[in-house]
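The structure under discussion appears below in the form of structure tokens.
Number of protein chains: 2
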Amino acid sequence: MTGIDTVIDTVVERAAAAGAKWRATPAAERATILEGVADALLKHLDELWPVADAETHLGEVRLRGEVGRTASQFRLFAEVLRDGGSAEAVIDHADPGATPPRPDVRRMNHPVGVVAVFAASNFPFAFSVAGGDTVSALAAGCAVVVKAHEGHPETSDLTASVVRQALPDPDLLGLVHGFDAGGPLVRHSLVSAVGFTGSLAGGTAIKGLIDQRPDPIPFYGELGSVNPVIVLPSADAAAVAAGFAASLTLGVGQFCTNPGLIFVPEGPDGDTAGDAGGHRVRDAGEFERAIGDAVAATTGGRMLTAKIHDGYLRAVDRLSVRAGVARLATGAAGTVADAVTPQVFSVPLEAFADGLPELGEECFGPAAIVVKYRNPSDLPAVLRRLPGSLTATVHSAVQGGAQEAAQAGGQRVDQRADQGAGPEEAADIVPVLERLAGRLIWNGWPTGVAVTWAMHHGGPWPASTAPAHTSVGAAAIRRWLTPVAYQDWPEALLPPELRDDNPLGVPQRVDGRLRA
Amino acid sequence: MTGIDTVIDTVVERAAAAGAKWRATPAAERATILEGVADALLKHLDELWPVADAETHLGEVRLRGEVGRTASQFRLFAEVLRDGGSAEAVIDHADPGATPPRPDVRRMNHPVGVVAVFAASNFPFAFSVAGGDTVSALAAGCAVVVKAHEGHPETSDLTASVVRQALPDPDLLGLVHGFDAGGPLVRHSLVSAVGFTGSLAGGTAIKGLIDQRPDPIPFYGELGSVNPVIVLPSADAAAVAAGFAASLTLGVGQFCTNPGLIFVPEGPDGDTAGDAGGHRVRDAGEFERAIGDAVAATTGGRMLTAKIHDGYLRAVDRLSVRAGVARLATGAAGTVADAVTPQVFSVPLEAFADGLPELGEECFGPAAIVVKYRNPSDLPAVLRRLPGSLTATVHSAVQGGAQEAAQAGGQRVDQRADQGAGPEEAADIVPVLERLAGRLIWNGWPTGVAVTWAMHHGGPWPASTAPAHTSVGAAAIRRWLTPVAYQDWPEALLPPELRDDNPLGVPQRVDGRLRA
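Note that the protein sequences, when read in sequence, are chains A and B.
When we follow this note's numbering, the leftmost residue of the first sequence carries the number 1, and every step to the right adds one.
When we follow this note's numbering, the leftmost residue of the second sequence carries the number 1001, and every step to the right adds one.
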């Protein structure tokens, strides 16, 4: 064994030993401990954010908010454990009269084992050492070993020490550093599942290592997303442009849910009518013009790491020399050192379609492509060819969700008559979007992922390697659980969740009927 | 494109077109159609079983029963659809007062797309064209393309034609034949997930093909299982031996759940004391003796295919020459042509541990290894080293499940005082078994998998490539579903399952509370 192998071996074995006790700890006790971690994170907020700011340049407001979000994730999973539904207890009583006779079968979820988590660069708290993968795995009853992101090693160490103080055994959260640590970690025989948030290249490499195991284990990776936005003709151009520019440049564009493609109606004159940076462009139309103006008024910033910075510049360069793609607008760099500028490009729908799959690839940072369409009926065929995304967004004059409720004082009404545009404007694209992305957003922006029961943060490859699962929200716990069915098991050996008297009061499905 | 590529392309495109309508069909209508398929299978029972018998030699009784089981799977999934819980509807209302303000988010499951199913050899109905993968995918709203098993092509064609007559569009169930069909099928861009039941080698090859896709899709494979049985000292040797021999030889041992390892207390004299077939063996003890006698009294039969027959003979040959492994008993071949004989080998626990991982590999057919232990406390360390299994079984004097209920007139009682052996006899091994296998059986046998709500047919690799999921029972539908979250979506465009007025009456989790 090399040095790093020995280190990983020690950390994983300790985690496995701590995990054996943790998995036997009742869910209600685990809930209380998760709440203690939330308290500890908030208690150390004033120490945590400056260390992260020095490493990531994300700023006080954002980082304080992110620690709050991270703490709230621990609270959500405490709620999930108290609810008990994640055990998915199912009881089928014996039916000796059936053909063939049916045994007593009871099933519930158990922790999968030690979970390896690869931290992301862009959320030094919410998708890192104490992030969604870690908290959902701890909630499931698993020990966790995190491979720290090289972009914020000190934040990682400090976070781990804060979390460990609130855990019954510090070995429940292992932390390893360095590129070389990834291989031995995912190859370790005691690691039972892997969570990853990062790039397509990084995720594909880890998947390759896992597949070389004698027992390939589950890999839950979030590898990239272009997050298309579809602006329907009825939408308000000024509002769309302002919202888009803000979402595009949030956190210097370094969000998994950054809107990288925006489809807008083109101007009345579809012919080529101008020249921008050596590229001939068609008449802009009010949407394109408004978006160009809004992005031109934005300011960029410093990116998370030198590698991400270089990757962004390369991606933008590739776009700027591509035939048919015109530079629409460039924001300001701002005054910080090594700042990058927001950029938007523009391309007609047909040229975009010809440029797939390359033009559908994520460009990590504050850059996007404005795709101009003539008729909404031209969109489905092109949208079907996009890679899987975490989100897809629709903008329209029709109001949705919160807007509907607010306008109607809690009562939702059909606004077709008022607005001149009805939901049927979106009818052809919605079925396409439902197969393209894990979250569909109406008249909003994809950046910002609510940590709730209903949230789904996933989608077809490359948004997720396991599209049936989510990495944010209550259902994220499922990735770290495996069912066990007990057939004709003695009452005295059954977990309490599966007993007929249901002492823990968990939701049970009994003989086919769900009892909440 | 080659000839087979063109064939696959046509079948998959037709399935995708039929699937687009099927996914939009309300769940209640899909339920009625599934029941129609069940009726059609039973109506054609007298035609179906003889075709399968000619191809598989499994006999009338077994094959009639298997068609019945297959029909009952269609009925179970009709029940699942009418229940509505598989939609997993979750509603979080907006909270404008939260920090940050929370949007309205609603999530439910949608069909993943066209599913490719690789049929198994050993259940020409229940794990083949109309088997568990197909019915659960159809129930989910997916079209299916089955790669027929080469062991029963005519049964496959006949089954497909029976099922298609009961479907609204025959293209919902595609069927392709031949080894060459597998590659183009799993590589096809319109195929969204793959189900497989078969060998470790076959499954690994298909996984490799999927991983070469630009968008690797989910692969749900069941690749092999050795199904250990742990006989505790309190168990009744005669009953164990009789039950084991029957389970081992059921269907000429060609069950995924065939018990391939049985751990028994060794005799009082642990020293070498005999010689059998050139191998020195230790004193048998009553368990080993009883098992040897029971297996010697069994009769084998003809296996499903020449390939499986040859594989069985090779595996048995490898065992018979292995140092430390003694041949314990051989059954009769019987009178049918090409019959194989049941065989049991015997090995002390220490030699078994030394022979891992090879001695822990599945030998597909009526062969098993009897592993003799001195003390139950020696078992956990060895059990932890076994590969993942679909099942693990415990035999003990303590009664479980159905037995408990029957004895107590429905009232379960703690029988420690009566039996002399308590559940604590199993206390050390149960936590190990919960991580080793997906289904734990008490005083029963693993062959026979009840098709119910609570069933779990899965486990760590190689039992399953996706240990969070099952291929039998109501939860099997999940493999073919992907969640979509709708954020601030207009009421008029929401699926009925996610509306506040819940017109379909499905179980919903609303603002964190489950409502059954």
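In this text, a Cβ means the ideal position worked out from N, Cα and C, and glycines have one as well.
From the beta carbon of residue i, is the nearest beta carbon of chain B less than 9 Å away?
i, result
"R412/A", "In this prediction, R412/A scores a pLDDT of 47, lower than 50, which makes its location untrustworthy; no coordinate-derived value is stated."
"V281/A", "Here the model assigns V281/A a pLDDT of 45, short of 50, so the residue's position is not dependable, and the following value carries that caveat. No, its Cβ sits nowhere closer than 9 Å to a Cβ of chain B."
"E79/A", "yes"
"Q403/A", "yes"
"T99/A", "yes"
"D511/A", "yes"
"A474/A", "yes"
"P376/A", "no"
"A417/A", "Bear in mind that a pLDDT of 42 at A417/A, under 50, signals an unreliable position, so the number given afterwards is only what the model happens to contain. It does not: the Cβ of A417/A has no partner Cβ on chain B nearer than 9 Å."
"G243/A", "no"
At 8 Å on the CB atoms, spell out the chain B contacts of residue i, in chain order.
i, result
"V484/A", "E1434, A1437, G1438, R1439, L1440 and H1456"
"R478/A", "A1468"
"P218/A", "A1466, P1467 and A1468"
For residue i, would you say it is in contact with chain A, using Cβ-to-Cβ distances shorter than 9 Å as the test?
i, result
"Q1212/B", "no"
"N1443/B", "yes"
"Q1254/B", "no"
"G1448/B", "yes"
"G1183/B", "no"
"H1110/B", "yes"
"T1465/B", "yes"
"A1201/B", "no"
"S1225/B", "no"
"W1461/B", "yes"
"G1113/B", "yes"
"S1247/B", "no"
"S1234/B", "no"
"K1307/B", "no"
Spell out whether any CB of chain E is found under 9 Å from the CB atom of residue i.
i, result
"H1044/B", "Considering every chain present, this structure includes no chain E. Its protein chains are A and B."
How would you list, in chain order, the residues of chain A whose beta-carbon sits under 7 Å from the beta-carbon of residue i?
i, result
"T1470/B", "P483"
"L1493/B", "P423, A426 and V430"
"T1452/B", "D92, R102 and V105"
"H1188/B", "By Cβ distance, chain A contributes nothing, its closest Cβ being about 15 Å from H1188/B, past 7 Å."
Alpha carbons only, please: which of the options is nearest the one belonging to residue i?
i, options, result
"P1446/B", "W1022/B, L1250/B, A1427/B and I1210/B", "L1250/B"
"G36/A", "L76/A, D104/A and V371/A", "L76/A"
"F1345/B", "G1113/B, T1335/B and A1368/B", "A1368/B"
"R384/A", "A437/A, I291/A, A333/A and K372/A", "A437/A"
"P1214/B", "E288/A, T465/A, E154/A and S471/A", "T465/A"
"R1479/B", "T1330/B, A1098/B, D1169/B and P1218/B", "P1218/B"
"A248/A", "I206/A, G198/A and G301/A", "In the sequence on display, residue 248/A carries Leu and not Ala. Comparing Cα-Cα distances from L248/A to each of I206/A, G198/A and G301/A, the minimum goes to G301/A."
"R1106/B", "A1516/B, A1492/B, D1488/B and R1515/B", "D1488/B"
"I1308/B", "W1442/B, A1296/B and A1339/B", "A1339/B"
"V398/A", "A306/A, G388/A, Q73/A and E424/A", "E424/A"
"L1379/B", "H1456/B, V1252/B and E1350/B", "E1350/B"
"S1199/B", "D1180/B, Q1254/B and V1145/B", "Q1254/B"
"V252/A", "G334/A, L223/A and V7/A", "G334/A"
"S389/A", "L190/A, Y373/A, L440/A and A332/A", "L440/A"
For residue i, which residues in chain B fall below 7 Å Cβ to Cβ?
i, result
"L514/A", "G1085, P1507 and A1516"
"W489/A", "G1400, G1401, L1440 and W1442"
So with CB distances below 9 Å, who are the chain A contacts of residue i?
i, result
"H1395/B", "Within 9 Å Cβ-Cβ: nothing; H1395/B doesn't reach chain A, min ~11 Å."
"P1387/B", "P214 and D215"
Interface residues of chain B around residue i at Cβ under 9 Å?
i, result
"G174/A", "Within chain B, no residue comes near G174/A; the closest Cβ sits about 19 Å away, beyond 9 Å."
"P268/A", "None at all; the shortest Cβ gap to chain B is about 28 Å."
Taking 8 Å as the cut-off, is the CB of residue i close to at least one heavy atom of the ligand FMN?
i, result
"T1465/B", "Of ligands this structure carries none, so the ligand FMN is not represented either."
Problem set entry | Cβ-based contacts, 7 Å cut-off: residues of the region 343-370 of chain A near chain B | none
For this session: For the region 1124-1186 of chain B, list the beta strand (DSSP E) runs that are entirely contained and at least 3 residues long, ordered along the chain.
Result: 1144-1147 and 1173-1176
Problem set entry | Contacting positions in the region 1009-1033 of chain B - beta carbon closer than 9 Å to chain A | A1020, R1023 and A1024
Problem set entry | Completely contained alpha helix (DSSP H) runs for the region 1288-1344 of chain B, where each covers 4 or more residues | 1306-1320
Exercise. Can you give, in chain order, each stretch of the alpha helix (DSSP H) that sits fully within the region 1030-1083 of chain B and has at least 4 residues?
Worked result: 1045-1056 and 1060-1083
Exercise. Any residues in the region 1127-1150 of chain B with a beta carbon nearer than 9 Å to a beta carbon of chain A? Which ones, in chain order?
Worked result: none
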